[in-house]
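Worksheet for the structure shown next.
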Amino acid sequence: MADTTSAPQGGATADDRLRGIDWEAIERSPEFQELVTRRRSFVLPGTIFFLSYYMAFILLCGYAEDFMASSVYEGLTVGYCLALTQFVMVFVLGIMYLRKADHVYDPLAQRVVTKAGDDGGEAGRAAEGRFARREAAAGRGEVKR
């Protein structure tokens, strides 16, 4: 039977690379704190909005049966319309998060990785470059957020 616990012959394993990282220093770094703050400023309100919207739908289903059963168009009721908007809302929130992640969170995460001593490869350098150009343009008042 082959030995599956040995290290690959080409160099250090991922575990070996992770052992040398000072995780507490990364957590205290201003770049990481900015990443956490910016991400939380989107995720928390988005989650509160989604849960409020969903709870309002449930409450309407339970306590406003006549309103939810009223017809909008040939058998399509208000309840069905509101239920379908749940899917639209999840799709829109997901797209908003993906755009925010691409434009803000990923470049900030790349800064954290760069500060930790790993350049993140070609994709990381590209993300860092996009972020730097965007920040410079924002400083000149060219970018709307």
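Counting in this note's numbering, the sequence shown runs from 398 upward without gaps. Heads up, the beta-carbon is just placed ideally off N, CA and C, and yes, glycines get one too. Bear in mind the structure is a predicted one, so any value in this text is a computation, not a measurement.
Bridge partners for L473 per DSSP, in chain order?
Here residue 473 refers to the residue found at position 76 of the sequence shown. Y470.
R435 versus V509 - alpha carbon distance:
Mapped onto the sequence shown, residue 435 falls at position 38. Mapped onto the sequence shown, residue 509 falls at position 112. Whole-angstrom Cα-Cα distance: 14 Å.
Could you tell me whether the segment 474–485 touches the segment 500–509, using the rule of 3 or more Cβ pairs below 8 Å?
no
Sequence ranges, beta strand (DSSP E) only - wholly within the segment 420–471, length at least 3
468–470
Can you list, in chain order, the residues of its chain with a C-beta nearer than 7 Å to that of K512? Leave out the 5 residues immediately preceding and following it.
Position 115 of the sequence shown, counted from the first residue, corresponds to residue 512. Excluding sequence neighbours, K512 sits near S426, E428.
Is the distance from the Cβ of M493 to the Cβ of F447 below 8 Å?
The sequence position of residue 493 within the sequence shown is 96, counting from 1. The sequence position of residue 447 within the sequence shown is 50, counting from 1. No, they are not a contact pair.
Best match in E421, I423, G443, I418 for proximity to K497 [C-alpha to C-alpha]
In the sequence shown, the residue the question calls residue 497 occupies position 100. Ranking the options by Cα distance to K497, first place goes to G443.
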